[in-house]
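**Student:** Sharing a structure here in structure tokens format.
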Amino acid sequence: MQKVKIVVFASGNGSNALNIMSFFREKDEIEVSLLISNRQDAPIVEKAKNQGVEVLVLDNEAVSDGGQLIEICQGRGIDFVILAGYLRKIPLSFVRYYDNKIINIHPSLLPKYGGKGMYGDYVHKAVLDNKETNSGITIHFVNEEFDKGEIIAQFACEVEHDETIEQLRNKIHLLEQQYFPKVVEETILKHNKSNN
Ligand code: GRF
């Protein structure tokens, strides 16, 4: 049986991208075939190369061109797209082409603290400023509206009254490491089952 091929998009440190790569390395049904970044200096670029995964660094013009992205992914037989800390908007034509096959992770309990400008520590700062007593992660499909696609799964953690941004960031990363690859796997396998 042919493996399901996924591409991971990442712009930064890439702890999630890396975790996904190692999770699927031993799996029979799914493989990470490609990593796309928009930044040559993103730490994930070298890390992914060291894992033996094909890496493409595309400049802003190239990643804004849905046609080019589709061509790249289609040419490699990519079935699913995982956004793991990818800080560029995905072109509409690409979203439509991979309808219900693009999965993003967001470091808050959406619909809270989503939308434009809400990424990384901006999210955690807003959560703390608003004295929220919990936060968490949301794994969701990407649709045409920013951070508004169908929610696949959410996992929460408590927020202490004197918590720092760094402490909250670490808690969120732990949730991401624990759940993101598993949820990706379950979602893809479920999709394939219902289409076979
Ligand atoms: C994660 O917190 C993820 O939820 C968000 O961006 C961050 C990326 O972290 N979308 P890393 O690059 O995977 O370490």
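To convert, take the position in the sequence shown, counting from 1, and add 262; that gives the numbering used here.
From the three backbone atoms N, C-alpha and C, an ideal C-beta is built for every residue, glycine too.
Fair warning: this is a prediction, and the values are worked out from it, not measured in the lab.
Taking the beta strand (DSSP E) that residue 267 falls in, what are its first and last residues?
**Tutor:** 266-271
**Student:** Grab me the residues of residue 449's own chain with a C-beta within less than 6 Å of its C-beta, minus the 5 sequence neighbours each way, in chain order.
**Tutor:** 414
**Student:** Give me the Cβ distance between residue 315 and residue 302, rounded to the nearest whole Å; I'm assuming they're in contact under 8 Å.
**Tutor:** Residue 315 to residue 302, Cβ: 16 Å. No contact.
**Student:** Ordered along the chain, which non-local residues of its own chain (more than five positions away) have a Cβ less than 6 Å from that of residue 460?
**Tutor:** No statement about residue 460 is possible, as the shown extent of the chain runs from 263 to 458 and does not include it.
**Student:** Would you decide whether residue 279 is buried or exposed? Buried here means 16 or more other CB atoms lie within 10 Å of its CB.
**Tutor:** buried
**Student:** Starting from residue 313, trace the beta strand (DSSP E) both ways and give me its first and last residue.
**Tutor:** For residue 313, there is no enclosing beta strand (DSSP E), since its DSSP letter is neither H nor E.
**Student:** Bridge partners for residue 413 per DSSP, in chain order?
**Tutor:** 402
**Student:** Tell me where the alpha helix (DSSP H) around residue 334 begins and ends.
**Tutor:** Where residue 334 is concerned, the enclosing alpha helix (DSSP H) stretches over 328-337.
**Student:** Return yes when the Cβ of residue 361 is within less than 8 Å of the Cβ of residue 220, no when it is not.
**Tutor:** Residue 220 lies beyond the range of the chain shown here (263 to 458); nothing can be said about it.
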